[in-house]
Amino acid sequence: MISNDQQKFQAIISHSKEYGFVFQSSEIYDGLSAVYDYGPWGSELKKNLREAWWNEMTRMHDNIVGIDAAIFMHPTTWKASGHVDNFSDPMIDNKDSKKRYRVDHLIEGFADELVKAGKTADAEQLLATMDSLLAANDFAGVKQLIDAKNMKCAVSGTCNWTDVRQFNLMFSTQIGSVAEEANEIYLRPETAQGIFVNFLNVQKSARMKIPFGIAQIGKAFRNEIVARQFIFRMREFEQMEMQFFIRPGTQQEWYTYWKAERMKWHTSMGIPAENYRFHDHVKLAHYADAAVDIEYAFPIGWKEVEGIHSRTDFDLKSHQQYSGKKLQYFDTEINQNYVPYVIETSIGLDRMFLLTLCHAYHEEKWTKEDGTDDSRVVLKIPAKIAPIKLAILPLLKKEGLPEIAREIMNQCRNEFYCFYEEKDTIGKRYRRMDALGTPFCITIDHQTKDDQTVTIRYRDTMKQERIPIEGLVDFIKSKF
Ligand code: ATP
89 MISNDQQKFQ AIISHSKEYG FVFQSSEIYD GLSAVYDYGP WGSELKKNLR EAWWNEMTRM
149 HDNIVGIDAA IFMHPTTWKA SGHVDNFSDP MIDNKDSKKR YRVDHLIEGF ADELVKAGKT
209 ADAEQLLATM DSLLAANDFA GVKQLIDAKN MKCAVSGTCN WTDVRQFNLM FSTQIGSVAE
269 EANEIYLRPE TAQGIFVNFL NVQKSARMKI PFGIAQIGKA FRNEIVARQF IFRMREFEQM
329 EMQFFIRPGT QQEWYTYWKA ERMKWHTSMG IPAENYRFHD HVKLAHYADA AVDIEYAFPI
389 GWKEVEGIHS RTDFDLKSHQ QYSGKKLQYF DTEINQNYVP YVIETSIGLD RMFLLTLCHA
449 YHEEKWTKED GTDDSRVVLK IPAKIAPIKL AILPLLKKEG LPEIAREIMN QCRNEFYCFY
509 EEKDTIGKRY RRMDALGTPF CITIDHQTKD DQTVTIRYRD TMKQERIPIE GLVDFIKSKF
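Laid out in structure tokens, this is it:
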């Protein structure tokens, strides 16, 4: 298993840029920190992941429907949700470098160094102490811990720290055309609240009966202080969230159900179970009575990709209180009115994208039959989510081969994403398709004219075989 492999991580970042997956935002102006743009193949891969989740939630579950709520919401939403008062991270500033750190990141970074120095038990002890201090909101204790261990700022190299303070992560802006009349509103830090405030609209209009879920995919914004690690932690990112509304008292059963259901989805994406683990939360958020992260073994260590939270009736009750509108459900089976409880599943689309790249990225070297060495970088992305499914490559730019290739392209392009290329040697074209994660390439050559067959080349094994053009669409589709 890969872990803490910084070099591999750097190689993935470079590969993402070179092959049009992910670019730094506004790069010509030297970039904007922790904001990224998706390129031609990145946006295609992201769309496929988004679709895989959406289809899983809304098509494979009869009792889940989707919505698409606005990013801007009434400012009271964020008062009711607790974000105005609670959505903050404990931070500490180094007085010499003026650099600000999230304290948990500073301490975790120090613990990583201890592990590298072979002091694993000390690192575990340190993290356990940190967890219990943070769980108790004991910020003075956290500061003492940082001082006692002489933790240094990476920039100034000094231990000259401020006190630990809370820092709200929401971005705000003004709505309204005239400054005096403008109201401060927030860019949503999570998509979930758009679901809660629409609970009754959806329940009534789609005639949903409890238990049922509402799914949503959309942008979220957080003013992350320590925004390193590429697209792992961004200031603008995309979430795929589902709130499942249930009868009070059944939350344990549904929490267990969704843990299993989500893990099943992850492994169905072609990633072996041993690369995943559950991590229970020590410090529960203000709304939760149970919470767990699904973590993946990234090259930068085990990290959260998805959270599953038992949110009780906190959100609906709070919106009921702040809005003065009843957010209740009449359960005809038990003849009772109640505020439903909620189990949430919340996954970051960008993190799922990063996870997919990390799992797919391989550098391979081998010796050929003639004794010379060869190598390639290949993205072994599962065919069903690969950006390009089929590359169509005429061997030559002449002798009628491009015409046949174009005809095949026209047969296939309605069914899945195809890519036509006639430049460069066939070997180079195969390598480029490997680097983009294209699972199948077909080559049109002179024999094609005689017997209407093409050579298909499989990305993962590099094996080639001849297949008829007739039935090609179904043949490719059967592979995903
Ligand atoms: P973390 O502890 O990493 O900050 P979190 O516990 O605050 O994450 P949640 O609020 O549970 O995250 O959000 C649900 C999911 O949204 C996360 O599992 C993650 O995949 C994604 N996510 C959260 N913050 C970011 C971010 N800054 N950049 C990219 N994805 C994010």
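One gets the numbering used here by counting positions in the sequence shown from 1 and adding 88 to each.
C-beta: ideal position from N, C-alpha, C; glycine also.
Residue i CB to nearest heavy atom of the ligand ATP below 8 Å
{"i": "R323", "result": "yes"}
{"i": "R310", "result": "yes"}
{"i": "I422", "result": "no"}
{"i": "G389", "result": "no"}
{"i": "H534", "result": "no"}
{"i": "V370", "result": "no"}
{"i": "I587", "result": "What is shown of the chain runs 89 to 568, which leaves residue 587 out entirely."}
{"i": "E558", "result": "no"}
{"i": "H103", "result": "no"}
{"i": "H171", "result": "no"}
{"i": "V393", "result": "yes"}
{"i": "E278", "result": "yes"}
{"i": "S176", "result": "no"}
{"i": "D381", "result": "yes"}
{"i": "F563", "result": "no"}
{"i": "Q331", "result": "no"}
{"i": "D226", "result": "no"}
{"i": "R494", "result": "no"}
{"i": "G436", "result": "yes"}
{"i": "Q327", "result": "yes"}
{"i": "R439", "result": "yes"}
{"i": "I283", "result": "no"}
{"i": "I319", "result": "yes"}
{"i": "H397", "result": "yes"}
Cβ-based neighbour list, residue i, same chain, cut-off 8 Å, excluding 5 preceding and 5 following
{"i": "K477", "result": "A471, F504, Y505, C506, T526, P527, F528, I564 and F568"}
{"i": "G547", "result": "It is worth fixing the name first, because residue 547 is Arg in this sequence and not Gly. The answer, listed in chain order, is V466, K468, M521, D522, G525, T526, P527, F528 and C529."}
{"i": "S244", "result": "N182, D184, S185 and K187"}
{"i": "T536", "result": "L489, I492, V542 and I557"}
{"i": "L437", "result": "K134, L137, R138, W141, I305, F325, E326, Q327 and M328"}
Same chain only: Cβ atoms within 6 Å of residue i, ignoring 5 sequence neighbours per side
{"i": "K371", "result": "L222 and A223"}
{"i": "F386", "result": "C446"}
{"i": "H103", "result": "none"}
{"i": "D533", "result": "L483"}
Rounded C-alpha distance that separates residue i from residue j
{"i": "E421", "j": "M328", "result": "31 Å"}
{"i": "D461", "j": "E452", "result": "11 Å"}
{"i": "G229", "j": "T433", "result": "33 Å"}
{"i": "M89", "j": "I359", "result": "Residue confidence for M89 is low, a pLDDT of 36 falling below 50, so the modelled location carries little weight; the figure read from the coordinates is stated next. Computed Cα separation, rounded: 13 Å."}
{"i": "F569", "j": "K96", "result": "No statement about residue 569 is possible, as the shown extent of the chain runs from 89 to 568 and does not include it."}
{"i": "E115", "j": "Y107", "result": "16 Å"}
{"i": "T261", "j": "C241", "result": "32 Å"}
{"i": "I334", "j": "P299", "result": "5 Å"}
{"i": "D368", "j": "I159", "result": "30 Å"}
{"i": "M145", "j": "H193", "result": "33 Å"}
{"i": "P178", "j": "E457", "result": "59 Å"}
{"i": "E132", "j": "P475", "result": "5 Å"}
{"i": "Y508", "j": "S220", "result": "57 Å"}
{"i": "A205", "j": "E510", "result": "53 Å"}
{"i": "L275", "j": "S411", "result": "20 Å"}
{"i": "K551", "j": "G130", "result": "26 Å"}
{"i": "S91", "j": "A209", "result": "Residue placement at S91 cannot be trusted, given a pLDDT of 42 that sits under 50; what the coordinates show is reported in the next sentence. Each residue's Cα considered, the two are about 18 Å apart."}
{"i": "M239", "j": "E278", "result": "32 Å"}
Contacts around residue i, its chain only, beta-carbon distance under 7 Å, and the 5 residues preceding and following it disregarded
{"i": "V561", "result": "Q499, C500 and E503"}
{"i": "K105", "result": "F111"}
{"i": "R439", "result": "F320 and V393"}
{"i": "G119", "result": "Q112 and S113"}
{"i": "R323", "result": "A122, V123, F309, R310, N311, E312 and A315"}
{"i": "P128", "result": "G108"}
{"i": "S566", "result": "none"}
{"i": "R519", "result": "R464"}
{"i": "I100", "result": "L445, C446 and Y449"}
{"i": "R365", "result": "E383 and W390"}
{"i": "I225", "result": "Strictly speaking, residue 225 in this sequence is Asn, with Ile absent from that position. Counting only Cβ-Cβ distances below 7 Å, and skipping sequence neighbours, we find nothing."}
{"i": "G515", "result": "none"}
Whole-number beta carbon distance between residue j and residue i, since they are thought to touch under 8 Å
{"i": "T250", "j": "D181", "result": "4 Å"}
{"i": "Y429", "j": "Q339", "result": "5 Å"}
{"i": "T344", "j": "D377", "result": "About 13 Å; that fails the 8 Å criterion."}
{"i": "G264", "j": "M161", "result": "About 15 Å separates the two Cβ atoms, so there is no contact after all."}
{"i": "L202", "j": "A211", "result": "4 Å"}
{"i": "I431", "j": "W342", "result": "5 Å"}
{"i": "N256", "j": "F318", "result": "Actually they do not touch by this definition, with Cβ atoms about 25 Å apart."}
Worksheet item: Is the region 160–170 close to the region 412–419, with three or more CB pairs under 8 Å?
Response: The region 160–170 is not in contact with the region 412–419.
Discussion item. Contact between the region 442–450 and the region 274–294 is defined here as three or more beta-carbon pairs at a separation below 8 Å; is this criterion met?
Written reply: Contact fails: fewer than three Cβ-Cβ distances are below 8 Å.
Fill in: Sufficient close CB pairs (3 or more, under 8 Å) joining the region 302–311 to the region 145–159
Yes, since at least three Cβ pairs between the region 302–311 and the region 145–159 fall closer than 8 Å, the two stretches touch.
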